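To keep things clear, I will list the structure first and then write my remarks on it.
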Amino acid sequence: MRHALVTAGTKGLGKKVSERFLHKGYSITVSYRNDLAAMKKMKEEWLDAEDRIQFVQADVTKPEDIKKLTAKAHSTFGRIDILVNNAGPYIFERKKLMDYTANEWNEMVNGNLSSMFYLFQEVIPLMRAQQFGRIVTYGFQGAQEAPAWIYRSAYAAAKTGLVSLTKTVSIEEAEHGITVNMVCPGVITEDYKESSIQAAKTVRDKNTPVGRPAAGEDIARTITFLCEEDSDMITGSVIEVTGGVDVLHKRR
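Just so you know, we're using the UniProt record's numbering here: the sequence shown kicks off at 1 and counts up by one.
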């Protein structure tokens, strides 16, 4: 049985990703930061699969928590085949670079870029030993072109750095059967982060060129496809799942 480690996987997009792996028969280790209620809710919803789920409290901005998280995943299930780093802090307040504090800058960079360094360090040796691994990071629309994203300077800088890191590691680890890709969600509102595609198709959205709102399942389907054994020819790719929305300009 393949085992997937999903950070921040108890709510929102992360929950939808975790659930899709469960539906496909995987075992999963899911991390959560502080939201005990969300963790308990998911645990209750998946009681019939409790032997395939492990919940671990961890903050991906802390290297010691990442060590604990990966160690628990490996010790419980004996392997880590898939890593999906759904976790990543984001500052919703719109402000220019000069209005950021040093702490906010460090949180954005540590949580969205440095955390992947530490996750790579812990997970890749295990995947090398297995000669198999699938790693998925998250970005934003246009990240690989390093565009200006006004009022999101710290987050954008970290994620564009992550694009290069994702592509570099994909080449370095290809010989070990490990793929590394980035998925870039578009505009997914809170109402739809845990929604199915079928539910989203019942709603007309004139602001999205494809005509319906984006759903969490859109991201989950993309990620699980990238993690299939026969998806090994897709590596170092940055895949946008936006429905045609111009995300950066929409939020200006």
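Ideal placement from N, C-alpha and C gives every residue a C-beta, glycine not left out.
Computed from a prediction, not measured in an experiment: that's the story for all the values here.
Separation of residue j from residue i, as counted between CA atoms
i: GLU194; j: LYS43; result: 16 Å
i: ALA158; j: ILE171; result: 20 Å
i: ARG251; j: PRO185; result: Since pLDDT at ARG251 reaches only 46, below the 50 mark, its modelled position is unreliable, and the value read off the structure follows with that caveat. C-alpha separation (whole angstroms): 14 Å.
i: ASN110; j: THR61; result: 6 Å
i: ASP48; j: HIS74; result: 22 Å
i: SER18; j: THR10; result: 8 Å
i: ALA8; j: GLN130; result: 25 Å
i: PRO209; j: ASP246; result: 10 Å
i: ILE150; j: LYS95; result: 8 Å
i: residue 259; j: ALA156; result: The structure shown has nothing for residue 259, since the chain only spans 1 to 252.
i: ALA220; j: GLY14; result: 8 Å
i: TYR90; j: ASP191; result: 18 Å
i: ALA71; j: THR168; result: 25 Å
i: ARG134; j: SER27; result: 15 Å
i: MET1; j: ASP99; result: 48 Å
i: ASN181; j: PHE77; result: 24 Å
i: LEU248; j: LYS68; result: 36 Å
i: MET39; j: GLY25; result: 20 Å
i: VAL187; j: MET127; result: 33 Å
i: residue 329; j: MET108; result: Because the chain is modelled from 1 through 252, residue 329 falls outside the range shown and cannot be assessed.
i: ALA148; j: THR202; result: 34 Å
i: SER237; j: GLY161; result: 14 Å
i: LEU226; j: ASN86; result: 15 Å
i: LEU97; j: GLY12; result: 28 Å
i: ILE124; j: SER114; result: 15 Å
i: ASP51; j: LYS41; result: 16 Å
i: ILE178; j: ASN112; result: 21 Å
Identified DSSP bridge partners for residue i
i: SER27; result: HIS3
i: VAL247; result: Per DSSP, none; premise fails for VAL247.
i: TYR138; result: VAL183
i: GLU240; result: CYS184
i: TYR32; result: GLN57
i: GLY133; result: ILE178
Whole-number beta carbon distance between residue j and residue i, since they are thought to touch under 8 Å
i: GLU122; j: ILE82; result: Their Cβ separation, rounded to whole angstroms, is 14 Å, which puts GLU122 and ILE82 out of contact at 8 Å.
i: PHE55; j: VAL30; result: 5 Å
i: THR101; j: MET116; result: At roughly 23 Å, the Cβ-Cβ gap does not stay under 8 Å, so THR101 and MET116 are not in contact.
i: ILE80; j: HIS3; result: 6 Å
i: VAL183; j: THR222; result: 5 Å
i: ALA154; j: GLU104; result: 7 Å
*Return the chain-ordered ranges of every beta strand (DSSP E) run that is complete within the stretch 145-205 and spans a minimum of 3 residues.*
178-185
*What residue ranges within the stretch 52-102 form continuous alpha helix (DSSP H) runs of no fewer than 4 residues, ordered along the chain?*
Taken in chain order, the unbroken stretches of alpha helix (DSSP H) that lie wholly in the stretch 52-102 and span 4 residues or more are 63-77.
*Does the pairing of the stretch 32-41 with the stretch 211-223 give three or more beta-carbon distances under 8 Å?*
no
*May I ask you to verify whether the stretch 140-155 touches the stretch 237-246, counting CB pairs closer than 8 Å and requiring at least 3?*
Using a C-beta cut-off of 8 Å, the stretch 140-155 makes contact with the stretch 237-246, since at least three inter-stretch Cβ pairs fall below that distance.
*Is the stretch 227-238 in contact with the stretch 172-182, if contact means three or more CB pairs nearer than 8 Å?*
Result yes; three or more Cβ-Cβ pairs closer than 8 Å.
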